[in-house]
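So the sequence shown is numbered by my numbering: it starts at 2 and just counts up by one.
Remarks on the structure that follows.
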Amino acid sequence: MTSPYRAIFAAPGTKGFSAAGLLGRMPLSMLGIGVVTMISQLTGRYGLAGALSATLALSAAAIGPQISRLVDRYGQRRVLRRATVVSAVAVAGLLVCAQQRLPDWTLFVFAAGAGCVPSVGSMVRARWAAIHRGDPRKLHAAYSWESIVDEVCFIFGPILSIGLSTAWFPEAGPLMAGGFLVVGVCWLTAQRATEPAPHPHAHGPGGSALGSPGLRLLVLTFVATGAIFGSIDVVTVAFADERGHKALASLVLAVYALGSCLAGAVFGLLHLRGAASRRWLVGVCAMALSMIPLQLAGNLPFLAGALFVAGLFVAPTMVTTMALVEQHVPRSRLTEGMTWTSTGLAVGVALGSSAAGWVVDAGGARQGYLVPLVAGALAAVVALPGYRRLNVPVPLDGSGADERYTKDTGCGTDGDGGTGDGALA
């Protein structure tokens, strides 16, 4: 392990909660595709499978921030275990209803309930923020590390879920995803020493982390970014299927995640300077431009290469986004703020996959790659006029700028009025 990563794991308990977070995050990449595989195998109805997957994603997008808000108020252990029980029971109900061929409406009820799954990635990042607050260099490495963990989940999760459901029995993929969730959350919440302190008196009625203009910009941009991810998944499967190699689609998508994983690993080693807001804008625009080569793909090797290059811009942009969330959300709402970015991605994935499916049905897979191109352009259009609002972070208590913010986060002001971020600035 290279030195910045070794430094972040020097703190007691960090290896344990990061490992627990890896297990708890596996359902993020396994559950949706597992449901699609299960339903398509049991019924042959891809329309129903896609609708259930979208229901699951939208339910998680709606419920996730509320769970995280409760976590900020009452603590991870108290909230996460209860939410996980609800989600696990709903997943079990979905599997039983599918296996017993019960009416479709029962499937949708349990799919919506399964959306109660907590955002484990946000919980882990909140622990890193609590441990390394005041040391932006270590926080940068920690967020980069968690981005690597995310990509590892997306490299192996779909392969594992599809493989289990096709090699064992149709319900095996979602069942394993539920098992990972239960084990990961129980392991994480058992580690009380690194759990961030709750803020029971910092949440007035009706308040939300979305009150931050900077966070609203990040979430809105991430809706378009999620549409890139969702549409690429669908179109790549169709592209491989048209060429008679549907089974290779998961490998091509794994190359996309691998590019992001490698970029995240290198990004965590860098000692960057300049305002994080500008770095974020460059990342968003680079992601948009990386969609152009996909329009030229005529075979799977070319497509895999283009997706690898596109993946290089994903993790750095995600890492910078999490650093900006910490600057634009009061400490008492940090977990909720991080979850809202995941919610934006989830909504975008649902919209992008639906739009891509429609375009593929109408014009074929080559035309389908127009969807991520348009989504990338929309992300850039949203980011360009609004990124300057990211130059003004909120204070830790949300009441106005004060010296405590600079002291605790190491943020200062660069020459053009933008904010630096300590070692990152």
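Glycine included, C-beta positions come from ideal geometry on N, C-alpha and C.
- Look at residue 6 here: in three-state DSSP terms it is helix.
- Assigned with DSSP and collapsed to three states, residue 188 falls in helix.
- Non-local beta-carbon contacts of residue 33 in its own chain, meaning distances under 7 Å to residues more than five positions away in sequence, involve 54, 57, 58 in chain order.
- Cα atoms of residue 19 and residue 391: separation of roughly 29 Å, rounded to the nearest angstrom.
- If you draw a straight line from the Cα of residue 266 to the Cα of residue 147, it is about 10 Å long.
- Remark: fewer than three beta-carbon pairs, one from each stretch, lie closer than 8 Å, so the segment 327–347 and the segment 292–304 are not flagged as touching.
- One thing to note: residue 380 has its Cβ no nearer than 9 Å to the Cβ of residue 218.
- By the Cβ neighbour-count rule, residue 64 is buried, with 16 or more other Cβ atoms within 10 Å of its own.
- Assigned with DSSP and collapsed to three states, residue 272 falls in coil, not helix or strand.
- Annotation for residue 20: the continuous alpha helix (DSSP H) segment containing it runs 15–44.
- Taking 9 Å as the cut-off, the Cβ atoms of residue 376 and residue 349 count as close.
- Sixteen is the threshold: since fewer than 16 other Cβ atoms of the shown chains lie within 10 Å of the Cβ of residue 169, the residue is exposed.
- In the structure shown, residue 293 adopts coil according to DSSP, grouped into three states.
- Taking 9 Å as the cut-off, the beta carbon of residue 268 is found closer than this to the beta carbon of residue 145.
- At least 9 Å separates the beta-carbon of residue 35 from that of residue 227.
- Residue 341: member of the alpha helix (DSSP H) spanning 335–364, first to last residue.
- Here residue 179 is near residue 92, since their CB atoms are less than 9 Å apart.
- Within the model, the alpha-carbon separation for residue 29 versus residue 154 is close to 8 Å.
- Between residue 307 and residue 325, the gap from beta carbon to beta carbon reaches 9 Å or more.
- About 5 Å separates the beta carbons of residue 186 and residue 25, which is inside the 8 Å limit, making them a contact pair.
- Counting along the chain, the unbroken alpha helix (DSSP H) around residue 106 starts and ends at 105–115.
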